[in-house]
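Input: a single structure, listed below in structure tokens.
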């Protein structure tokens, strides 16, 4: 129980600090520290993302950064894809899914390194949903 | 938004393609899908970075919520773990963002990239 709280807190701090998405941290955290299977970790990560995204959306919307009509359309249009993605994940073996996720983590690491070496200290465009959660209009 | 204004009829179609790709990515990997949506919103719909990030965040509420529900039907969601991770994460993000505005994060970014690579290896060989 304490372990889960620490995984969430630590992943949140890193996400906010570096502008990487929460999911890419929740999933390995849940596998390595909480002993979940790859399938359970991915499923549980999706649930954990929801409160982070809700609070982030609320903050961003106050600054007028959310294009509401597009967000709604994106959300509705994504449901079929999300269902298909989950079905695909469950059709794949845990080992394959885990290896694919490891590749995803390496890509995020490469993006972090590239961005840092470019000297751009700000969170990236692509990976930063939770960071954007709390960022002001600055 | 210049692109969108030039091709108004392309807009719903493009949003549909972006949403579908983000949904697939999110459902497959258990992530939000922001890394798919943000660049495509900027590339295809002329979004500025801040609006793209904020709008994708709002869409993620739907995407992750729905994908989590479907995963629940498969019996994969550990409800208690999800809540115990997700709620403290909200506080963690606020702390991280506060820190980000007050310190140079370059060396931390490189250190963390190394941690990511190490975790990826740990994930595969464990």
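Protein chains in written order, with the numbering used here: chain A, 9 to 146; chain B, -1 to 124.
Note that the Cβ used here is the ideal one computed from N, Cα and C, for glycine as well.
Next on the checklist: If I measure Cβ to Cβ from residue 69(A) and keep anything under 8 Å in the same chain, skipping five residues before and after, which residues do I get?
Outcome noted: Reading the first chain from its first residue, position 61 is the one you call residue 69(A). Once the five neighbours on either side are set aside, the close Cβ partners of residue 69(A) are 76.
Item to check | Short CB-CB distance (under 7 Å) between residue 34(A) and chain B | outcome: To locate residue 34(A), count along the first chain from 1; it is residue 26. With a threshold of 7 Å between beta carbons, residue 34(A) makes contact with chain B.
Checklist entry - Taking the Cβ atom as the reference point for each residue, do residue 3(A) and residue 118(B) lie within a distance shorter than 7 Å? => result Nothing can be reported for residue 3(A), as the shown portion of chain A is limited to 9 through 146.
Checklist entry - Who are the neighbours of residue 114(B) on chain C, taking C-beta pairs under 7 Å? => result Absence of chain C from the displayed structure is noted, the protein chains being A and B.
Checklist entry - Which value, in whole angstroms, describes the spacing of the CA atoms of residue 53(A) and residue 97(B)? => result The residue labelled residue 53(A) in the question sits at position 45 within the first chain. The residue labelled residue 97(B) in the question sits at position 99 within the second chain. Straight through space, the alpha carbons of residue 97(B) and residue 53(A) are spaced by roughly 24 Å.
Item to check | Proximity below 7 Å, CB of residue 27(B) to CB of residue 83(A) | outcome: Residue mapping note: residue 27(B) aligns to position 29 of the second chain, counting from 1. Residue mapping note: residue 83(A) aligns to position 75 of the first chain, counting from 1. Contact flag unset, no.
Checklist entry - With respect to the alpha helix (DSSP H) encompassing residue 98(A), which residues constitute its N-terminal and C-terminal limits? => result Position 90 of the first chain, counted from the first residue, corresponds to residue 98(A). Unbroken alpha helix (DSSP H) run through residue 98(A): 76 to 99.
Checklist entry - Of all the alpha helix (DSSP H) runs that stay within the bounds of the stretch 27 to 67 of chain B, which reach a length of 4 or more residues? => result 32 to 43
Checklist entry - If you follow the alpha helix (DSSP H) that residue 109(A) is part of, which residue opens it and which one closes it? => result Indexing the first chain from 1 puts residue 109(A) at position 101. Per DSSP, residue 109(A) belongs to the alpha helix (DSSP H) from 102 to 125.
Checklist entry - How big is the Cα-Cα spacing for residue 11(B) and residue 102(A)? => result Here the question's residue 11(B) lines up with position 13 in the second chain. Here the question's residue 102(A) lines up with position 94 in the first chain. In a straight line, the C-alpha of residue 11(B) is about 34 Å away from that of residue 102(A).
Next on the checklist: Counting only Cβ-Cβ distances shorter than 9 Å, please list the residues of the stretch 82 to 97 of chain B near chain A, keeping chain order.
Outcome noted: 82, 83, 84, 85, 86, 87, 88, 89, 90, 91, 92, 93, 94, 95, 96, 97
Checklist entry - Which whole-angstrom value describes the C-beta separation of residue 33(B) and residue 62(B), a residue pair presumed to lie in contact below a C-beta threshold of 8 Å? => result What you label residue 33(B) is simply residue 35 of the second chain in a count that begins at 1. What you label residue 62(B) is simply residue 64 of the second chain in a count that begins at 1. Not really, about 13 Å apart at Cβ, beyond 8 Å.
Checklist entry - Whose CA, out of 11(A), 71(A), 63(A), lies closest to the CA of residue 44(A)? => result As a working mapping, residue 44(A) is identified with position 36 in the first chain. Cα-wise, what sits closest to residue 44(A) is 11(A).
Item to check | Per-residue DSSP class, three states only, for residue 105(B) | outcome: Your numbering for residue 105(B) matches position 107 in the second chain. In this structure, residue 105(B) counts as helix in the three-state DSSP scheme.
Checklist entry - Mind pulling the chain B residues with CB within less than 7 Å of residue 101(A)? => result The residue labelled residue 101(A) in the question sits at position 93 within the first chain. Chain B residues near residue 101(A): none, gap ~13 Å exceeds 7 Å.
Next on the checklist: Here's a check: name, in chain order, each residue in its chain whose Cβ is nearer than 8 Å to the Cβ of residue 22(A), leaving out the five neighbours to either side.
Outcome noted: On the first chain, residue 22(A) is found 14 positions in, with the first residue counted as 1. Taken in chain order, the residues that qualify are 28, 33.
Item to check | Cα-Cα separation, residue 122(A) to residue 108(B) | outcome: Taking the first residue of the first chain as position 1, residue 122(A) is located at position 114. Taking the first residue of the second chain as position 1, residue 108(B) is located at position 110. Rounded to the nearest whole angstrom, the C-alpha separation of residue 122(A) and residue 108(B) is 10 Å.
Next on the checklist: According to DSSP, is residue 45(A) part of a helix, a strand, or is it coil?
Outcome noted: Looking up residue 45(A) in the first chain gives position 37. Correct three-state label for residue 45(A): coil.
Checklist entry - At a CB-CB cut-off below 8 Å, which residues of chain A make contact with residue 30(B)? => result Here residue 30(B) refers to the residue found at position 32 when the second chain is read from its first residue. Chain A residues near residue 30(B): 29, 30, 31, 57, 61, 137.
Next on the checklist: Taking 8 Å as the cut-off, does the stretch 77 to 93 of chain B touch the stretch 85 to 104 of chain A (at least 3 CB pairs, one atom from each stretch)?
Outcome noted: no
Next on the checklist: I'd like to check one pair, residue 36(B) with residue 54(B): are the Cβ atoms closer than 7 Å?
Outcome noted: For the purposes of this step, residue 54(B) is identified with residue 56 of the second chain, where counting begins at 1. For the purposes of this step, residue 36(B) is identified with residue 38 of the second chain, where counting begins at 1. Taking 7 Å as the Cβ cut-off, residue 54(B) and residue 36(B) qualify as a contacting pair.
Item to check | Terminal residues of the alpha helix (DSSP H) in which residue 4(A) lies | outcome: Nothing can be reported for residue 4(A), as the shown portion of chain A is limited to 9 through 146.
Item to check | C-alpha gap between residue 74(B) and residue 16(A), whole angstroms | outcome: For this step, residue 74(B) is matched to residue 76 along the second chain. For this step, residue 16(A) is matched to residue 8 along the first chain. Looking at the two C-alpha atoms, the distance is approximately 18 Å.
Next on the checklist: Looking at residue 30(A): is its Cβ nearer than 7 Å to the Cβ of residue 60(A)?
Outcome noted: Residue mapping note: residue 30(A) aligns to position 22 of the first chain, counting from 1. Residue mapping note: residue 60(A) aligns to position 52 of the first chain, counting from 1. In this structure, residue 60(A) lies closer than 7 Å to residue 30(A) by Cβ.
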